[in-house]
Structures are given as structure tokens and as C-alpha cells.
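All residue numbers for the sequence shown refer to full-length UniProt numbering, where the first residue is 1 and numbers rise by one. No residue lacks a Cβ here, since even glycine has one placed at the ideal position from N, Cα and C. Okay, structure first, notes after.
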Amino acid sequence: MTVSYEKITPPTTGSTITFSEGKPLVPDDPIIPFIRGDGTGVDIWPATAKVIDAAIAKAYGGQRKIHWFKVYAGDEACEIYGTYQYLPQDTLTAIKEYGIAIKGPLTTPIGGGIRSLNVALRQIFDLYACVRPCRYYAGTPSPHKTPEKLDVIVYRENTEDIYLGIEWKQGTEIADKLINYLNTELIPATPEHGNKQIPLDAGIGIKPISKTGSQRLVRRAIERALTLPKPKNQVTLVHKGNIMKYTEGAFRDWGYELAKSEFRDVCVTEMESWILSNKEKNPDLSIEDNARMVEPGYDALTDEKKAKICQEVTSVLDAIWETHGNGQWKDKIMVNDRIADSIFQQIQTRPDEYSILATMNLNGDYLSDAAAAIVGGLGMGPGANIGDSCAIFEATHGTAPKHAGLDRINPGSVILSGVMMLEHMGWQEAADLIKKGIAAAIANRQVTYDLARLMEPPVNPPLKCSEFADAIISHFGD
């Protein structure tokens, strides 16, 4: 079936990427749509494309090549398609057809009217996994004393949580009806809510967290952990389940359930490791004493709760002692969980204890930006939005319109997103060349103004955006 477009024309050469079981099948000549981006996109996209093309040419000697397909979104789309046409059908059709795309930053007005274009793309294509690696490149200025200790990948659920955007403005008829229904019908019918009432002058939003959405995100995170060496093959479920038990607490529970059901042979939970370790240290340890060791305050619990913990200890030993006991669990992927506010402290105070952080949408948004700040900021922070039949790689920073066209902005975020794209395609050799080039450029103090001004001593003059791309390429042969 021939795909038709209104205002764009795909390359006359190149092939289409297909997907099988959530993985891309990439030809040697893929067609990949790109969105230049608003503001500084005019500067950073040409630099990015130059670096990616050079890496592919060097890595594969002309045997592989990307055929770029320009599509439109944001302000540039409005110039081509008309007022308010921020996300034209042409663009959606092209991304669906070719499966992988990359984009620069996009402008979105804050407030009512137009929702985030980034969020819209994620929801339209069901790009449920936002993947944000946070890795330090030696020499990058950082406010942290030991940024090199942080090397984490944040897996953020992309399609649910409050980002689904189901909310009603304070004072509207629907908001008032919903508040009245909750206050008079649902809350009184739920004894655990006690005498709580929603203020009549409140805005209302919905926070949906589904089992399907949670488990497919955790599945992606564990699959990534399977590719990493110890001790980096650890997945931490980040949540606020101590307060939001039926949404964030459920995310944690569903994550553990997925790990145990689909990855039983290769996974161990933190609680299971404690139970197994206790028995290994003392083979004659009773079930109750084992329970006492893994549950602080055991002796103060009710008999019902004590029985529940003892049953869990018994179940673990019966189910996995043969396959995970006697130290075998130490070779498995560790799955644990942490409270969200605690993890913000721990990535600063104990950064080397964490590797893959899997979490929900809002937590992931906060956490990935906080982690990026530790290793040098969003200027060097890549991002990917991945689904089972599509993936979009993107800048994680804003449009910075005051710098547009000045050839001074740092293109590192989109270049590193290009690295993620190449890795997703299986073109690891080209990806490694770019990472090598970036590391060498920074180590040699060949950087753009945002990094140059923070170095000791400051670099003067800094490189232009285009010059930074050239510097990266120049180090491919180092």
C-alpha cells in the first residue's frame, strides 16, 4: 500500500524499518524521519545529523546509511501547514510508516489550549517507555563532588499517571459535579477515607496507574538489565506507595509480580535475597527467626501480620531455594524498591548503588532531570520514547529561542539521543564512535559556552555548536 502525504515527500531511496516482538528489524539503508525542532533546533539538528552520518560512514565504510526524511512539528509545522497545525497528519503518518524518528526541542504554550506536543506524540504512538540514561563524561562541569559515581538509566512510564491529562478546572460544572459525587457518594462509601472531603473550590485531576502499563514498563527495564554486567544489572522500582497505596503502591506490587512470573530464573527480589542469605548463614534457622530478621519490629506486630510474614518466608524457601539458594541468587538480577523522596537523596549520597530506576510518569520526569543535573545538566541529557512498534528519540531540553540561529547552543543532548537511536537499531559500532568522540572532546576542553563557562579555568573562546560537532568527529580516530 502506497502512503500518500499532503506537503512532504519521502526519500526516493532507502528502506522501511519493521518491528517484530517489540524489536526493530533495521535494513542497511533505513529511512528515518526527523523533526528539526523549534528555536535552537535550527542549529543543533544540522550538527547532530553531521555527527551521526560521519560515525556511520566510518564504522561501516559506506555499507550502511540513513536516508533522512524531514517532517514537521511545532512552530515550523504552522509555517507549512497553517495556524495551529502544530502536529500535522503528514508527520504522524511518516513516523508510523517508518517506525523510528528523532527530533529536536518543540515549543508548547503553557496553560490551556494546546497540550504538550511531546506528550501527544508519546500517547499517539503508545511510546510507553521514556528511557533517560544519566552518565558522566569526565571533565564535564558538575555541582556534585563525585558525579562520576552516578551511572543510571531512568525508565519512566510515559502514557499514564497525571500526564494523561484528565482534569477539570476549578469552578466548572463538571468539576463541581465530580466533587459533589465524591464527597457525597464515593468517599462515605469507603470507610478507610474517614471524614475526608474535597474542598469545593478545588480543581480535579485523575491519576490512573494500570497493571498493563506498569508491567510492560518494568519488563523493558528488566530486559535492559539482562544486557548489563554485575553489579549494574539491578532494577529499582521507585514509588510513593506508602501514601498512594492503590496507584503507586500497586505499581510496586505489579512490578514484583512481573519479575517473579516472567523472569523467575534470572531475578531475585531484595526481600528474597535476605531470606535466602539468612538461611545460608544459619541452615537451622527457624521460619519465625528468619521472618524476625527480615521484618524490623516483627515482635510488635499482630499475630495475623506475623503469620503473613512467616508464610512469605516459607513460600520463598519452598519456591526458589533449589534454584536461587546457596549463593546462586548473587548471580541474578536484583529487583528492589525505594520510596520516591528517598531515591532523590540516595542518587546524591549513594549514587553508585543504583543502575536502572523504573518508575511512573511524574516521578520519572522529576527524577530524570535531577539525575541529569548531577552529571552536567540537560545539555548533555539524551532521551528516548520507546513502544512496541515505534520509537522517537529527542532532545530533553527546551527550545532556548533567544539563542536560535547563533550557532552557540550545545547539541550534546540530541547527539546523544542519536547514540541511543543507533543502539536501538543495533548499530553499536557507530554509537560507540560518537560516545568516544564526545568523551575526548570534553576531556580536551573542546566545548560549547554552557560547559566552557563552568570549567576551571573557563574555556575562552568556547566552540560554536557546529565546531563542537566537528570536534567530536575529529576524535573518532583517537
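Excluding the five sequence neighbours on either side, which residues of its own chain have a C-beta within less than 6 Å of the C-beta of residue i, listed in chain order?
| i | result |
| --- | --- |
| CYS267 | ALA259, LYS332, ILE333, VAL335 |
| ILE110 | A caution first: ILE110 carries a pLDDT of 45, below 50, which makes its placement in the model too unreliable to give a value. |
| ASP151 | ARG135 |
| ILE442 | TYR137, GLY139, THR140 |
Rounded to whole angstroms, how far is the Cβ of residue i from the Cβ of residue j, which I believe are closer than 8 Å?
| i | j | result |
| --- | --- | --- |
| LEU276 | PRO208 | Actually they are not in contact, since the Cβ atoms of LEU276 and PRO208 sit about 36 Å apart, beyond 8 Å. |
| residue 489 | GLY426 | Here the chain comprises residues numbered 1 to 478, so residue 489 is not present and cannot be evaluated. |
| PHE251 | MET421 | Not quite, the Cβ-Cβ distance comes to about 28 Å (not below 8 Å), so this is no contact. |
| ILE356 | TYR84 | No, ILE356 and TYR84 are not in contact; Cβ-Cβ is about 40 Å, not under 8 Å. |
| ASP337 | LEU237 | 4 Å |
| PHE476 | GLY437 | 5 Å |
| HIS403 | GLY379 | About 11 Å; that fails the 8 Å criterion. |
| ALA49 | TRP68 | 6 Å |
| TRP329 | GLU272 | 7 Å |
DSSP on residue i, reduced to helix/strand/coil?
| i | result |
| --- | --- |
| HIS475 | coil |
| ILE333 | strand |
| PRO30 | strand |
| HIS193 | helix |
| ASN361 | helix |
| TRP427 | coil |
| ASP151 | strand |
| GLY165 | coil |
| LEU92 | helix |
| SER20 | strand |
| GLU456 | coil |
| GLU272 | helix |
| LYS207 | coil |
| THR184 | helix |
| GLN170 | coil |
| ARG36 | coil |
| LYS240 | coil |
| PHE69 | strand |
| ASN385 | strand |
| PRO461 | coil |
| GLY111 | Residue confidence is low: GLY111 scores 42 on pLDDT, short of 50, so the model does not pin down where it sits. Its coordinate-derived value is still stated next. GLY111 falls in the coil class under three-state DSSP. |
| ALA101 | strand |
| GLU295 | coil |
| SER277 | helix |
| GLN215 | helix |
Between which residues of its own chain and residue i is the CB-CB distance below 8 Å, once the five residues before and five after are set aside?
| i | result |
| --- | --- |
| ASN460 | ALA452 |
| ILE162 | GLY205, ILE206, LYS207, ASN361, LEU362 |
| GLN215 | TRP254, GLY255, GLU257, LEU258 |
| LEU433 | ALA55, LYS58, ALA59, PHE476 |
| VAL119 | TYR163, GLY165 |
| ALA391 | PRO24, GLY99, ILE100, ALA101, LEU127, ALA384, ASN385, MET421, HIS424 |
Between which residues of its own chain and residue i is the CB-CB distance below 7 Å, once the five residues before and five after are set aside?
| i | result |
| --- | --- |
| VAL3 | THR93, GLU97 |
| residue 501 | Shown here, the chain extends from 1 to 478; a query on residue 501 therefore has no answer. |
| VAL26 | ILE17, MET425, GLY426 |
| ASP407 | ASP43, LYS464, CYS465, SER466 |
| ASP126 | THR159, GLY387 |
| ASN326 | GLU280 |
| LYS7 | ILE80, TYR81, ASP90 |
If you draw a straight line from the alpha carbon of residue i to that of residue j, how long is it in whole angstroms?
| i | j | result |
| --- | --- | --- |
| VAL419 | GLU456 | 28 Å |
| TRP45 | THR108 | 19 Å |
| PRO143 | ILE409 | 20 Å |
| SER389 | ILE56 | 24 Å |
| VAL414 | LYS103 | 8 Å |
| THR314 | GLU295 | 14 Å |
| GLY213 | ALA129 | 9 Å |
| ASP299 | ARG292 | 7 Å |
| THR302 | ASN282 | 26 Å |
| SER342 | ALA395 | 28 Å |
| GLY241 | ALA340 | 9 Å |
| PRO88 | LYS211 | 32 Å |
| SER368 | CYS134 | 8 Å |
| PRO351 | ARG64 | 38 Å |
| LYS23 | ILE198 | 45 Å |
| ASP265 | LEU226 | 12 Å |
| GLY112 | GLU167 | At GLY112, the pLDDT of 46 sits below 50, so the modelled position is not reliable; the number obtained from the coordinates is stated separately. Cα to Cα, GLY112 sits roughly 11 Å from GLU167. |
| LEU117 | TYR86 | 8 Å |
| GLN348 | ILE374 | 8 Å |
| LYS70 | LYS196 | 53 Å |
| GLY376 | TYR354 | 18 Å |
| ILE243 | GLU312 | 23 Å |
| ALA358 | ASP450 | 30 Å |
| ASP28 | THR13 | 12 Å |
Given 7 Å as the limit, tell me if residue i has its C-beta closer than that to any heavy atom belonging to the ligand ZN.
| i | result |
| --- | --- |
| VAL42 | With respect to the ligand ZN, the structure shown offers nothing to examine, as it has no ligands at all. |
Flag residue i as yes if its beta-carbon sits less than 8 Å from any beta-carbon of chain B, otherwise no.
| i | result |
| --- | --- |
| VAL294 | Given the protein chain composition of this structure (a single chain), no chain B is represented. |
Handout entry: Inter-stretch contact (C-beta, 8 Å, three-pair minimum) for the stretch 4–24 and the stretch 86–104
Key = yes
Handout entry: Any 3 or more C-beta pairs closer than 8 Å across the stretch 318–333 and the stretch 297–307
Key = no
Practice task
Please determine if the stretch 176–191 and the stretch 218–225 are in contact, where contact requires at least 3 C-beta pairs separated by less than 8 Å.
Solution key: no
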